[in-house]
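First residue of the sequence shown: 1, per the working numbering; consecutive thereafter. Yeah, the Cβ is synthetic: ideal placement off N, Cα and C, and Gly gets one too. Each remark here refers to the structure printed beneath this line.
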Amino acid sequence: MNSFFTLPTSLRNARRIALPALVAGFSLTTLSAFAQPDLVVSVDGPVPGGSYHNVTVVSNVNATLNGQVNVTGTFTVQSNAEVAISDVDFVSGNNFVLENDGALRLETTLGIGGTISGPIRTVSKNLGTKGRFIFNNVTQAQLTGESFPNEVSELVINNASGFGVGLSRPLGVRERLYLRNGVLRTNGHKLTLISRTPDIAMVTAASCVVFQQNGSVDGIVTAQRFINPRFNDGVGYRHYSTSVSGLTAKVANFSTPPNFDAIVNPQYNDTPYARRFVLGVITPYPNTFFYDETQVGTGGPGSYDYVFNQGYQSPNSIQDPLVNTRGYTVRIPASSTVEFAGTLNNGDISTPILTRGPFGGSGWHLVGNPYASKIDWTLLNRVGVINSFYKNRSTGVTSGVYDSYVNGVGTGPSGNEFIAANQAVFTRVNGDPIANPSGVGQITFTNSARINEFRNDPTAPFFRTAQAAATFPLVRLALQNMDNSKEIESVVCFREGATTGFDSNFDAYFINGGYELGIYSQVGNDGMSINGLPALTSTTDYTVAMMANVWNAGTFKINATELANVPAGFEVLLQDALTGTTQNLVQNPVYTFTSTGRNANNSRFTIRFRAAGVTGISDAVSTQAFDVYPNPIKSSERLNILLPGIEQGKTVSAVLVNQVGQKVWSASFRSALGGVREEVKTDFARGVYTLQVTLPDGAKQSRRVIVK
1 MNSFFTLPTS
11 LRNARRIALP
21 ALVAGFSLTT
31 LSAFAQPDLV
41 VSVDGPVPGG
51 SYHNVTVVSN
61 VNATLNGQVN
71 VTGTFTVQSN
81 AEVAISDVDF
91 VSGNNFVLEN
101 DGALRLETTL
111 GIGGTISGPI
121 RTVSKNLGTK
131 GRFIFNNVTQ
141 AQLTGESFPN
151 EVSELVINNA
161 SGFGVGLSRP
171 LGVRERLYLR
181 NGVLRTNGHK
191 LTLISRTPDI
201 AMVTAASCVV
211 FQQNGSVDGI
221 VTAQRFINPR
231 FNDGVGYRHY
241 STSVSGLTAK
251 VANFSTPPNF
261 DAIVNPQYND
271 TPYARRFVLG
281 VITPYPNTFF
291 YDETQVGTGG
301 PGSYDYVFNQ
311 GYQSPNSIQD
321 PLVNTRGYTV
331 RIPASSTVEF
341 AGTLNNGDIS
351 TPILTRGPFG
361 GSGWHLVGNP
371 YASKIDWTLL
381 NRVGVINSFY
391 KNRSTGVTSG
401 VYDSYVNGVG
411 TGPSGNEFIA
421 ANQAVFTRVN
431 GDPIANPSGV
441 GQITFTNSAR
451 INEFRNDPTA
461 PFFRTAQAAA
471 TFPLVRLALQ
481 NMDNSKEIES
491 VVCFREGATT
501 GFDSNFDAYF
511 INGGYELGIY
521 SQVGNDGMSI
531 NGLPALTSTT
541 DYTVAMMANV
551 WNAGTFKINA
561 TELANVPAGF
571 EVLLQDALTG
581 TTQNLVQNPV
591 YTFTSTGRNA
601 NNSRFTIRFR
611 AAGVTGISDA
621 VSTQAFDVYP
631 NPIKSSERLN
641 ILLPGIEQGK
651 TVSAVLVNQV
661 GQKVWSASFR
671 SALGGVREEV
681 KTDFARGVYT
691 LQVTLPDGAK
701 QSRRVIVK
C-alpha cells in the first residue's frame, strides 16, 4: 500500500486497513475497523469496485470504474481528470461531485437520472456547469438523463451511426460541441451554443464552437453572439452573420426582447440616397441592414465614403430568411445577446458571385462566417478577392474603427486572421485586370478552415490583444489622444515581393468608419491602413505620405508603438510640414502635436525611411515616393501627381513627352503643406508618355504614363 497523504496528529493512532487489491498510485486509508476507507486515485487505471468513505480521482488522471462503487462520503472527479463508466457500472451512496473541467465518459443508455438507474445513483449530485461529458456507447442509443446538468463546458457525441444521443432536457454548451460520430437529437429541447463574457478577467467574450467531424444534430440549434462592450458599452453598429439555416433563421433573430427590436423598412431602399438621412423622411427608420455592392454609385457622385455607404440596404421584412455568408450590420445595444435559431451549417458553403462596379467605392462586400465556430481567413478558398479583410469595431452610436489584416500583419485589437462565429467582415473584389481578368470574385467556406478547439483566450471572440512578431522591418504608428483613451493604428512594412503600388498580398485599405481619429498612408488615390513596400536596402531613402485625420480640436500623439527589425543605424523620420519639425522615431517614438480639428491640415505628416550613410535631409524625395494615378488613364480623366515631403513653398516643374521625345504638356507647381498634390487635365491621344519632374534641388525623376 502506498500512502499519499499524512493524517492529522489527532488521528495518527487510528487503525489503518490495507486492501490487497491496491496497486501503486492508489491510497486507501480508514480511521477505524468499522469505518469505510478513503480512496485516492493518482495514476491512470481502474477504480476498484467496493464501499468507501470518499473517493477522489485527482487532476490529470484517466480512471475507469471497475465495478459498482458505493460512497458514504463523496466521490470527487477533480479538474482535468476523467472517469469512464460502462453501462453496467455505477456510483451510488451519498454524494458525487464533478469539478470544473472534470470529465465523464459514459456508456449509459438512460443517462444520468435518480438513485435507482444510470451511472451516478448518489443521493446528491453536483455536476456543476463546466463539466465535460463524452457519450461513448457504440451499440445502443443513449439519453442524457433527467439529472443531466443544464450547462456543460463540452459535450462529445461518439455514438455509432444510426443510434445517436438524445437530450432529456434543455442544454447549453459553453465551449465545444464535438460531433465526432452519430447524431445528437434535441428531442424538442432547446440546445444552445453559449456566448457570454468569460469567467476570468479578459477583454473578450467566449463562444462555444462546433466540431462537426462525422456527426450531426437532429433538431433546432440556438447559436448565441455576445457583444463585447470593451470599446462601446452602449448602442452601436455590430456586424453579424448566421451560422444556422432553415425556416426559423430569420431577420427577426436579431431582436432581443425586451431591450431591442430589429427594425426594417424597404422605404429606405427606395428613397434617394441624399434624403435617407433627413429626419422624418423614412418612418420607422431601420436599424438592421445588409450590404449590396451593386447599389454603390446609384445615389450620385460624392466623396469616397458617400459613395461607399450607398451600398447599405434594409431587408424587406423581419420574416426574411437569413442568407448564408451574407453579413448584416445592426445598430444594437451592447447588452443584447443575439440568438440565431435553425439547423447548423456544415460543409462547403459559397458566396454568390461577388461583383465590382465602376466607381471608386465599388467592389466591397460584407461577408459572414457561416459556421458555429471560428474560421481562419487564410484557409478559405478565395477567387478574385483581395487578401485583406476588415473587422468593424463599434466605438459609438454610428462610429467605428475597421481593424485590417493581410498576410500576417494586422491593425488594432482584432487585426488577426480569425473570424469569430456569427461575425461578418468586409473584403473587396480585386480590381487588377491582370490578377483578376474576370472582374468578379467568390469565396468558398470549408470545414478545413474551421478552428475546432475552444480557446479560452483573446483569439476566441471578436477581439485579440497580441499578434505574432514580424520577421521583416515594420513600423506601427498609433494616432492617440493624450490619455490614450482613443487610438487608431496604421502600419508601414518592407517585404520581399512588395511594390510601391497596391499589392493584394501586402496592402490593406483604410476604411473610414466615422471614428474621430484616422491615420493611413496614401498610395495613389487610396488610403492604406497597411502599406507593404519593397525590401529595405543600403541605399533606401523613401518618403511616405501619411494622412492624420483629427475631428475634434486638441493635443494628440503619433506614437511608434512598434519598430520591428529596423536595421541598425536606419532612420525613421517623422516630418511635420506645418511646424517644420523632424523627429527620429527610432530615438524618440512619440511625437506630440496640436490640431484645430475637422481634419484640418491632415496632410501635414510624412514618414521618411533613410538608410545609414544616406546623408542630409534634402528637398529631394526618392523615386519610389513619386506617384501618378490613375495609371493607365483615360484621355477624359484627370491625372493626379503626388510628391510628398517637398518643403512648403518650393517649386517643382513637370513636363510630359511622347514616345518620340516631343513635349506635349508642361507646368510648374508650388509645394503646399505636405508636398505636391496636383490634378491635371490630360486630353491626350492614346499612347505611352513619360512624365518628368524637376525637384527643387535640380534632381529629375520620371514616370511612364499610359493613356487609353
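- In the DSSP assignment, Y542 falls outside any alpha helix (DSSP H) and lies within the beta strand (DSSP E) extending over D541 to V550.
- For V217, the enclosing beta strand (DSSP E) starts and ends at V209 to D218.
- The criterion of a C-beta distance shorter than 8 Å is satisfied by A249 and T242.
- Under the criterion of beta carbons closer than 8 Å, V221 and L191 qualify as touching, at roughly 5 Å.
- With contacts defined by Cβ atoms closer than 8 Å, R670 and T651 form a contacting pair.
- Pairing S317 with V264, the inter-Cα distance amounts to about 6 Å.
- Annotation for N62: no alpha helix (DSSP H) segment contains it, though the beta strand (DSSP E) segment containing it runs N62 to V77.
- Under DSSP, no beta-bridge partner is assigned to M482.
- At the C-beta level, Q648 and V688 stay beyond 8 Å of one another.
- Take C493, set aside five residues on each side of it, and the residues of its chain with a beta-carbon closer than 8 Å to its own are V409, A470, F472, P473, L474, V475, F506, I530, N531, G532 and L533, in chain order.
- When the beta-carbon positions are compared, L479 and I519 come within less than 8 Å of each other.
- Taking a C-beta distance under 8 Å as the contact criterion, T109 and L65 do not qualify as a contact pair.
- An exposed status is given to V281, since fewer than 16 other beta-carbon atoms sit within 10 Å of its beta-carbon.
- In this structure, the beta-carbon distance from L193 to L177 falls below 8 Å.
- Excluding the 5 residues flanking it on each side, A252 has same chain C-beta neighbours closer than 8 Å at A262, I318 and Q319, in chain order.
- The residue among S438, G45 and V123 with its C-alpha nearest the C-alpha of I85 is G45.
- Counting along the chain, the unbroken alpha helix (DSSP H) around Y306 starts and ends at Y304 to F308.
- When the beta-carbon positions are compared, S595 and G674 stay at least 8 Å from each other.
- In chain order, Y273, Q295, V296, G297, T298, G299 and G361 place their CB closer than 8 Å to the CB of Q310, counting only its own chain and leaving out the 5 sequence neighbours on each side.
- Counted as a single uninterrupted DSSP element, the stretch harbouring D348 is not any beta strand (DSSP E), since DSSP gives it neither H nor E.
- Counting along the chain, Q662 sits inside no alpha helix (DSSP H), nor does DSSP assign it H or E at all.
- Around the C-beta of F277, fewer than 16 other C-beta atoms lie within 10 Å, and the residue is accordingly described as exposed.
- Bridge pairing for N181: N158 and N214 [DSSP].
- Distance from the CA of M547 to the CA of S521, rounded to the nearest whole angstrom, comes to 6 Å.
- Between Q224 and T337, the gap from beta carbon to beta carbon is short of 8 Å.
- Judged by DSSP secondary structure, D38 falls within the beta strand (DSSP E) whose first and last residues are D38 to V41.
- Proximity of the region 373 to 383 to the region 208 to 216 meets the contact definition, three or more beta-carbon pairs being nearer than 8 Å.
- Here L379 carries a helix assignment [DSSP, helix/strand/coil].
- V47 and L39 have their C-alpha atoms roughly 9 Å apart.
- Collapsing the DSSP output to three states places R598 in coil.
- With three or more CB-CB distances shorter than 8 Å, the region 70 to 77 counts as touching the region 94 to 107.
- In the DSSP assignment, D403 falls within the beta strand (DSSP E) that extends over G400 to V406.
- Annotation: D270 is outside any beta strand (DSSP E); the continuous alpha helix (DSSP H) that includes it extends over Q267 to D270.
- For G532, the enclosing beta strand (DSSP E) has its first and last residue at D526 to L533.
- Between R169 and N150, the C-beta gap is smaller than 8 Å, which places the two residues in contact.
- Around the CB of L517, 16 or more other CB atoms lie within 10 Å, so the residue is classed as buried.
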